[in-house]
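A.B. asks: Residue numbering for the sequence shown is 3 to 253, as defined by the working numbering. First the structure, then my questions, so here it is.
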Amino acid sequence: LGDVYKRQENLCHLPQGAQNGAKKVKLLLETPLFTGVAETELAQMLGCLAARRASYARGETILHAGDLTAELGVLLSGEVHLERTDAHGNRELVGQVHAGGIFAEVFACLRDVPLSVTATAAAPAQVLFLDVERVLHVCPSACAFHSRVVRNLLHLLAGKNYRLTEKLEHISRRTTREKLLSYLTAQSRAAHSAAFAIPFNRQQLADYLAVDRSAMSKELAQMRADGLIEYERNCFRLMPGAVCGLNNSEN
Numbered sequence: 003l004g005d006v007y008k009r010q011e012n013l014c015h016l017p018q019g020a021q022n023g024a025k026k027v028k029l030l031l032e033t034p035l036f037t038g039v040a041e042t043e044l045a046q047m048l049g050c051l052a053a054r055r056a057s058y059a060r061g062e063t064i065l066h067a068g069d070l071t072a073e074l075g076v077l078l079s080g081e082v083h084l085e086r087t088d089a090h091g092n093r094e095l096v097g098q099v100h101a102g103g104i105f106a107e108v109f110a111c112l113r114d115v116p117l118s119v120t121a122t123a124a125a126p127a128q129v130l131f132l133d134v135e136r137v138l139h140v141c142p143s144a145c146a147f148h149s150r151v152v153r154n155l156l157h158l159l160a161g162k163n164y165r166l167t168e169k170l171e172h173i174s175r176r177t178t179r180e181k182l183l184s185y186l187t188a189q190s191r192a193a194h195s196a197a198f199a200i201p202f203n204r205q206q207l208a209d210y211l212a213v214d215r216s217a218m219s220k221e222l223a224q225m226r227a228d229g230l231i232e233y234e235r236n237c238f239r240l241m242p243g244a245v246c247g248l249n250n251s252e253n
C-alpha cells in the first residue's frame with residue numbers, strides 16, 4: 003500500500019509487563035471516555051466492548067460519508083478532520099477530533115443512518131473502535147465499568163453538542179467580519195486572554211466558518227487596518243474595539 007497503512011490489533015490482552023503494553027494502557031486510561039476505569043478492569047472492558055484498534059497514515063480516510071457504522075471511534079493519538087462535501091465539490095470542515103476525543107458516535111447509535119461526513123486522518127492516527135451496542139447495554143456479567151463509560155459518553159456528547167451550538171452561532175452571522183469577530187471573541191473568552199492561538203490554518207478557518215478563503219483573508223487584513231485585531235499566522239490578539247464592533251453588529 004506504499005505510504006498508506008492500516009493495522010488492526012485485538013486489544014483484549016495487553017502485555018502488562020512490556021514497555022509497549024504499559025504505554026498502551028496509560029494512553030487508554032487517559033482518554034476521557036475511560037475516566038474512572040481502573041487499570042485492572044481494562045482488559046476485561048476492552049473484551050466486553052469488542053474493542054479493536056486501527057492505525058492510519060496522514061491523509062487516509064477512516065470513514066467515508068455514506069457509510070453505515072455500528073462503532074464509535076476513540077482517537078488515541080493524532081488528529082482527525084470531519085469534512086462534508088456538497089454536490090458541487092465544495093468542502094466544509096465540520097470539526098476536528100484530537101487525542102482522547104470521539105467521533106461517529108451519533109451514527110453508530112442510529113445504526114441505519116449513513117454518515118454525513120468523511121473522517122480523515124490529518125496526522126498519523128491510532129483509533130480504538132468500540133461497538134456502541136455493547137457500550138450502552140450492560141452485559142450479563144454486569145461489569146462495574148459500564149456505568150462509568152456510559153456516564154463519560156454522555157459527558158462527551160454534551161460537550162460536542164455545546165461546541166456545535168457555538169459553531170452555529172458563528173456561522174449564522176450575516177457577514178464574514180461578523181463571523182470572524184464572533185469566533186475570535188469566543189476563542190478569547192475560552193483562553194481568558196485577549197491574546198490566543200486558534201487550532202485552524204486559514205483554509206480550515208474558512209471551511210469552519212463556511213466562507214471563501216480569499217474574501218476572509220482580505221477581511222482579516224481590513225480588520226487589522228481598522229484596529230480591531232492583530233495577528234500572525236494562527237496567533238491573534240483582540241483589540242478593545244473588537245467586542246464593541248461585534249455588539250454594534252447585533253443591534
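All residues carry an ideal CB built from backbone N, CA and C; glycine is no exception.
Which term fits G103, buried or exposed, when burial requires 16 or more other beta carbons within 10 angstroms of its beta carbon?
C.D. replies: Counting from 1 along the sequence shown, the entry for residue 103 is found at position 101. Classification of G103: buried, given that the 10 Å Cβ count is 16 or more.
A.B. asks: Can you tell me whether DSSP reads H194 as helix, strand or coil?
C.D. replies: Position 192 of the sequence shown, counting from 1, holds the residue named residue 194. Coil.
A.B. asks: What's the gap between the Cα of R226 and the Cα of N203?
C.D. replies: By one-based count along the sequence shown, residue 226 stands at place 224. By one-based count along the sequence shown, residue 203 stands at place 201. So the alpha carbons of these two residues sit roughly 17 Å apart.
A.B. asks: Is it true that the CB of F131 sits closer than 7 Å to the CB of G91?
C.D. replies: Indexing the sequence shown from 1 puts residue 91 at position 89. Indexing the sequence shown from 1 puts residue 131 at position 129. The answer is no: Cβ separation not under 7 Å.
A.B. asks: Using the beta-carbon count (16 or more within 10 Å), is K205 buried or exposed?
C.D. replies: To locate residue 205, count along the sequence shown from 1; it is residue 203. Here residue 205 turns out to be Gln, not Lys, going by the sequence shown. Q205 is exposed by the Cβ-count criterion.
A.B. asks: When you compare only the Cα positions, how much space is there between A106 and R179?
C.D. replies: Against the sequence shown, residue 106 aligns to sequence position 104. Against the sequence shown, residue 179 aligns to sequence position 177. Cα to Cα, the separation comes out at about 32 Å.
A.B. asks: With burial defined as no fewer than 16 other Cβ atoms inside 10 Å of the residue's Cβ, what is the status of G80: buried or exposed?
C.D. replies: For this step, residue 80 is matched to residue 78 along the sequence shown. Under this definition G80 is a buried residue.
A.B. asks: First and last residue of the beta strand (DSSP E) that includes E234?
C.D. replies: Taking the sequence shown and counting its residues from 1, one reaches residue 234 at position 232. Unbroken beta strand (DSSP E) run through E234: 231-234.
A.B. asks: To the nearest whole angstrom, what separates the beta carbons of E168 and A196, a pair I think is in contact under 8 Å?
C.D. replies: Taking the sequence shown and counting its residues from 1, the one referred to as residue 168 is at position 166. Taking the sequence shown and counting its residues from 1, the one referred to as residue 196 is at position 194. Between A196 and E168 the Cβ distance is about 19 Å, and since that is not below 8 Å, they are no contact.
A.B. asks: Starting from R239, trace the beta strand (DSSP E) both ways and give me its first and last residue.
C.D. replies: Residue 239 sits at position 237 when you count from the first residue of the sequence shown. Run containing R239: 237-240, per the beta strand (DSSP E) assignment.
A.B. asks: Suppose you measure from the CA of V82 to the CA of Q224; what does that come to, to the nearest Å?
C.D. replies: Looking up residue 82 in the sequence shown gives position 80. Looking up residue 224 in the sequence shown gives position 222. Their Cα atoms are separated by approximately 32 Å.
A.B. asks: Distance check for A52 and G229, CA to CA, integer angstroms please.
C.D. replies: On the sequence shown, residue 229 is found 227 positions in, with the first residue counted as 1. On the sequence shown, residue 52 is found 50 positions in, with the first residue counted as 1. Rounded to whole angstroms, G229 to A52 spans 55 Å at the Cα level.
A.B. asks: Please state if the CB of L78 and the CB of Q128 are separated by a distance shorter than 7 Å.
C.D. replies: In the sequence shown, residue 128 corresponds to position 126, counting from 1. In the sequence shown, residue 78 corresponds to position 76, counting from 1. Between Q128 and L78, the C-beta spacing is below 7 Å.
A.B. asks: Could you check how far apart the C-beta atoms of V96 and C111 are, in whole angstroms? I think they sit under 8 Å.
C.D. replies: For this step, residue 96 is matched to residue 94 along the sequence shown. For this step, residue 111 is matched to residue 109 along the sequence shown. Between V96 and C111, the beta carbon gap of about 18 Å keeps them out of contact (Cβ cut-off 8 Å).
A.B. asks: Check A244 in the structure and name its three-state DSSP category.
C.D. replies: Counting from one through the sequence shown, the residue named residue 244 turns up at place 242. Looking at A244 - three-state DSSP - the assignment turns out to be helix.
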